[in-house]
Each structure stands twice: as C-alpha cells, then as structure tokens.
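All you need for this note's numbering is the position in the sequence shown, starting with 1, plus 3.
Input: a single structure, listed below in structure tokens.
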Amino acid sequence: MAVQRRRVTQSELKALLEQRNPHSRNGQNYSRVFFKQQWAAQRAFQADHTDAEEARMRKMVAIYERENVIDLVWAQLQNPRIFRATESEVRDLINAIEAESEALKEDITNLLGEDMPDGDAELFVQAVHLRAERQPVLDTKTGPRLGTKLEEKIFKAQNDRKPAVMKMITEYNVQYSEYKSTRLGCWRE
C-alpha cells in the first residue's frame, strides 16, 4: 500500500515538474525547491493564523464564562431566601455586578469589533462554545489521545447543541432577509 502510494505520488510530482511555472520570471518549469518553499510558506501562514484565532477564541470563552457567573449571581439575587445581607451589602454587590457587566461589554466589543450585529454576535457565541467543546478532539491529533467515552460525550454535546444553532441560523437568516428587503425597499423608492 505504501509502495503504491509512493509510486502514485512520484508520478504526479514528475508530471508537475514537467509543467511550466507561471510564477517563474524566466519561464522555467516547476522545481522541487519551488514546491518546498510553497509548502513552508503555507505551513507558516496557517500556524500564524491558527494561533491568533485560537488565542481570540480562548479570550471569548473566558469572557463568556465570566458572563455566566454574572448571570448565576443575578439569579441567586432574585431569590430572597438564598441571599441574606444588609441593604448596603446588596447595593455594593449590585454595583460590582454592574461594573463587571460593563467591563464584559467593553471586552466583547474590543474583541469582536463594534460592527458586529446582534445576530452575528449570537452565532459567534455558538461558534466559540462549539470550538471549546471540540478542542479536546482537535488536540488529540497533536497531543494525548482521548478515550472513546470522552469522545462520545463530546460528540453528544455537539449533537445536542445542533438544534439550537440551527434555530439561531434560521432566525438570523430571516432577520437578515427582512433587513435587506426593508433597506432595499426604502432605497429603491
């Protein structure tokens, strides 16, 4: 099998080496050096862009984890039996939560940019969560292997999330279509 694959690869490479390189200044054919340089450039490009995108995703996950904590605290504050404190302690806590919420909004705006509409932001949130769920599976290709049960749990979580994501995509498409029709309708009249 490996020998056959090597022969096929060698014949494909030989055919490529006989073709004229359109990027060459003096009309030479493709060379092994050219292909090695292209391969190195592509790998460097992907490594740079993947790392930057991965760092951005990690920041987003951290922001949404902070947001979940705030939501949890707000939910607990709404139940008077769970939370017993003086009025000033409650005010201080509410002020701290509001300050953290504002800081989160600024972080999200800085990370996403100000031009992202709400529908896009919601889809991006889902993408971040999916990426966080898939990360262990993606890491197994370069790092330690996962067990079958853990992989099954990850795939089940992804499948459980799929209807919510599809619903958001559908809602976004409807809103975008309405936006386009109203904007284009107003523009044409």
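C-beta atoms are modelled at their ideal positions from N, C-alpha and C, and glycine is treated no differently.
From a predicted model like this one, the values you see are computed outputs, not experimental measurements.
Would you mind giving the Cβ-Cβ distance between residue i and residue j, rounded to the nearest angstrom? I have them listed as a contact below 8 Å.
{"i": "Glu21", "j": "Asn32", "result": "6 Å"}
{"i": "Leu133", "j": "Met171", "result": "Not confirmed; about 12 Å, so no contact."}
{"i": "Lys62", "j": "Leu114", "result": "6 Å"}
{"i": "Glu103", "j": "Ile73", "result": "6 Å"}
Just to confirm, are residue i and residue j a CB contact at a threshold of 8 Å?
{"i": "Ile111", "j": "Ile66", "result": "yes"}
{"i": "Val128", "j": "Val64", "result": "no"}
{"i": "Phe37", "j": "Asn29", "result": "no"}
Applying the criterion that 16 or more other CB atoms from any shown protein chain within 10 Å of the CB defines a buried residue, is residue i buried or exposed?
{"i": "Glu192", "result": "Low local confidence applies: a pLDDT of 38 at Glu192 is under 50, so the model's placement there is unreliable, and no value is given."}
{"i": "Cys189", "result": "Legend: pLDDT at Cys189 = 47, less than 50; position of this residue unreliable, value from coordinates given subsequently. With fewer than 16 Cβ atoms within 10 Å of its Cβ, Cys189 is classed as exposed."}
{"i": "Lys17", "result": "exposed"}
For residue i, which residues in the same chain have their Cβ closer than 7 Å to its Cβ, ignoring the five residues on either side in sequence?
{"i": "Gln13", "result": "none"}
{"i": "Glu90", "result": "none"}
{"i": "Ala5", "result": "none"}
Excluding the 5 residues preceding and the 5 following residue i in the sequence, name in chain order all residues of the same chain whose CB lies nearer than 6 Å to its CB.
{"i": "Glu92", "result": "none"}
{"i": "Val168", "result": "Gln129"}
With a threshold of 8 Å on Cβ separation, who are the neighbours of residue i within its own chain once the five nearest residues in sequence on each side are excluded?
{"i": "Trp77", "result": "Ile100"}
{"i": "Arg9", "result": "none"}
Q: Would you mind listing the alpha helix (DSSP H) stretches within the region 79 to 115 that are 4+ residues and don't spill past its ends, in chain order?
A: List check, alpha helix (DSSP H) in window: 90 to 115.
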